[in-house]
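Numbering follows the numbering used here, in which position 34 of the sequence shown is assigned residue number 38; successive positions increment by one, without gaps. Where is the CB? At the ideal position from N, CA and C, for every residue including glycine. Note sheet for the following structure.
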Amino acid sequence: MVRLPSHSAPASALILAAGRGARMRPLTDSTPKPLLAVQGRPLMQWAMEALAAGGAAHVVVNTGWLGQQIQDRFGARVGLDNGRVLAVSYSREELDFGYALETQGGIARALPLLEEVFWVASGDVLAPDFAFDEAVRERFAASGELAHLWLVPNPDFHPDGDFAFDAGGRIHNAADPEVPRYTFSNLALFRRAFFGPPLCDIAFGNPQGLARPLVALLRAGIDAGVVGASLYQGRWANVGTPAQLAVLDAGAPLRSDQ
């Protein structure tokens, strides 16, 4: 099981950085995708700086492909461009199991390092206007939800979206032509309990190394009425290809519908 370093308090956020980044090849043959630079910063550092600006003092990073490079780059404490400092712990899936655990499996593996309520952000998503506001986390903690997702207008590469989101602020799985659909931004708040029975059958800390995607668990939680959602319309980009990375790195402005 993942164990919390004796000198660190539990973290309030997890940055997902374990993926192979196959669509980014050949760049990711020698560099993990979250370390590819956009406008002078590694992709995952954008999330780190936003989390620190929102009050996070400690984050967990899960690693897979070329994970040692990520730990070497950021270490146990990282000074950021915004002048803040973050403590960083690592869930080294590639060392523990020899493979990455996908999103659900990776979050379950990192649970022992995380607070009861925690943010999750993907290390390859840029959302510079998103506020990881401590007041938002506290409101979520006081709610009856087990998860809260931020949705974005559908980008060109995902025109059908992931979930329906109605005018009353409710998220749905079922398709309804009268209810618009949006794309999951890969920004979310979770409670530990979301990754336990009855919704999730992975043991605490995922000692078996089960590799599972998150989407099926999200859909089960939506059907159970324990998942909420908000619409985020700020700048956002899921950086997926070398061409897109080059455009953003050259200084192209992020769009809300990118």
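Continuous alpha helix (DSSP H) stretch holding residue i: start and end
| i | result |
| --- | --- |
| I226 | V219 to D227 |
| L39 | Note, L39: premise wrong, no alpha helix (DSSP H); not H, not E. |
| T294 | With the chain covering 5 to 262 only, the question about residue 294 has no answer from this structure. |
Delimiting residues of the beta strand (DSSP E) encompassing residue i
| i | result |
| --- | --- |
| G83 | R81 to G83 |
| R141 | Where R141 is concerned, there is no enclosing beta strand (DSSP E), although the alpha helix (DSSP H) it sits in stretches over E138 to A146. |
| V231 | V231 to L235 |
| I74 | Unbroken run through I74 is the alpha helix (DSSP H), G71 to F78; no beta strand (DSSP E). |
| E120 | L118 to S126 |
| A151 | A151 to V156 |
Rounded C-alpha distance that separates residue i from residue j
| i | j | result |
| --- | --- | --- |
| V89 | A61 | 7 Å |
| A178 | A168 | 7 Å |
| V92 | A80 | 5 Å |
| L155 | S234 | 6 Å |
| D261 | P159 | Note on D261: pLDDT 41, under 50, position unreliable in the model; the coordinate value appears next. Distance between the alpha carbons of D261 and P159: 5 Å. |
| E53 | G59 | 10 Å |
| A13 | V63 | 10 Å |
| A15 | A125 | 13 Å |
| P201 | L130 | 32 Å |
| G213 | I206 | 9 Å |
8 Å contact criterion, which residue i and residue j should meet: CB distance rounded
| i | j | result |
| --- | --- | --- |
| V82 | I19 | 11 Å between Cβ atoms; not a contact. |
| Y236 | L191 | 7 Å |
| G109 | A215 | 5 Å |
Residues near residue i by beta carbon distance below 6 Å, same chain, minus five either side
| i | result |
| --- | --- |
| G232 | E149 and H152 |
| S10 | At S10 the pLDDT is 44, less than 50, meaning the model places this residue with poor confidence; the figure from the coordinates comes in the next sentence. Cβ neighbours of S10 beyond the five flanking positions: none. |
| R24 | W69 |
Residues near residue i by beta carbon distance below 8 Å, same chain, minus five either side
| i | result |
| --- | --- |
| Y94 | V64, V65, N66, T67, G71, I74 and Q75 |
| L249 | M28, L31, L40, V42 and V243 |
| T245 | R27 and M28 |
Close Cβ partners of residue i (< 7 Å) along its chain, the five nearest in sequence each way excluded
| i | result |
| --- | --- |
| F101 | G213 |
| F199 | I111, A112, L115 and I206 |
Three CB pairs or more closer than 8 Å across the region 26 to 40 and the region 133 to 142: With a cut-off of 8 Å, the region 133 to 142 and the region 26 to 40 do not count as touching, because too few Cβ pairs lie within range.
Three-pair Cβ contact test at 8 Å for the region 161 to 170 versus the region 141 to 149: Counting Cβ pairs under 8 Å, fewer than three are found: no touch.
Segment contact, 8 Å Cβ cut-off, at least three pairs: the region 183 to 193 with the region 67 to 75: The region 183 to 193, when compared against the region 67 to 75, does not touch it at the 8 Å Cβ threshold.
Cβ pair count under 8 Å reaching 3, the region 112 to 122 against the region 32 to 51: Using a Cβ-Cβ distance cut-off of 8 Å, the region 112 to 122 and the region 32 to 51 are not in contact, since fewer than three pairs of beta carbons, one from each stretch, lie closer than that value.
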